Each structure stands twice: as C-alpha cells, then as structure tokens.
Amino acid sequence: MRDLSNEEKHENQRQGKLNEKLQSEVVGLRKDKEKQLNEILELQNQTIELKEQVDAALGAEEMLTTLTEKNLKLEEVIEQMEEEKSDLETLHEMNEELQENARETELELREELDLTNARLLEVGSL
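Structural data, given as structure tokens:
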C-alpha cells in the first residue's frame with residue numbers, strides 16, 4: 196500500500212511537472228500567437244498602404260495619359276493657329292499693297308480729272 200501511495204505521489208509529481216511544462220508551453224504559444232497576430236495586422240496595414248500607392252500610381256498614370264493627349268491636341272491647335280496667322284499676315288500685306296495701289300490710282304485719276312477739267316475750261320473759253 197505504501198508502495199502504491201508512493202507511486203501515486205510520484206505519478207502526481209510527474210503529472211504536476213508535465214502540467215507545468217504544458218502550461219509553460221501554452222503561455223509561450225499564446226505569446227507567439229499574439230506576436231504573429233500583430234505581425235499579420237502590420238502586414239495587412241502594409242498591404243493596404245501598398246494598394247493605395249498602386250491606386251495612386253494608376254491614377255497618376257491615367258492623368259499623365261490624359262494630359263499627354265491634351266498636350267498633343269493643343270500642339271495641333273497651335274500649329275493650325277500658326278498657319279492661320281501666316282495666312283492672315285500674307286492677306287494683310289496684300290491688303291496694304293491693294294490699298295496703296297488704290298491710293299496711287301486715285302491720285303492718278305484725280306490728276307487726269309484735273310487735266311481734263313482744265314482742258315474743258317480751255318475749250319469752253321475759246
């Protein structure tokens with residue numbers, strides 16, 4: 196009986212040590228779990244930030260594409276306007292030449308008219 200009692204005591208001690216060891220492992224595993232959960236949260240936050248950066252980069256790329264298209268259209272408009280300006284400058288020069296010619300013609304015609312009127316007066320006074 197004593198042997199049985201000693202054996203039970205010894206078994207209880209061994210089970211107690213095993214229980215303490217297992218509890219220690221459980222505490223360690225819980226700490227590891229908490230640490231890993233924190234790492235997961237941190238990685239999830241990093242993932243969210245990276246997705247936001249990707250979205251921002253895509254938005255910037257779309258904006259760049261839009262601005263490039265607008266820039267090309269504006270360059271075409273500028274080219275057309277420069278051509279129109281050149282055409283208008285040519286027309287302006289032609290208009291000035293025509294006005295100068297018209298003034299010269301007017302002066303010539305006035306001189307002719309004056310001469311004709313003077314001749315008529317001479318003929319009329321004879």
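Positions in the sequence shown are counted from 1; adding 195 to them yields the numbering used here.
Backbone N, C-alpha and C fix where the C-beta goes; we use that ideal spot for every residue, glycine too.
Predicted model, so just to flag it, every value in this text is computed and none were measured.
Here DSSP, grouped into helix, strand and coil, assigns residue 302 to helix. Separation of residue 247 and residue 255 (C-alpha to C-alpha, rounded to the nearest whole angstrom) is 12 angstroms. Residue 321 carries a coil assignment under DSSP once its states are collapsed to helix, strand and coil.
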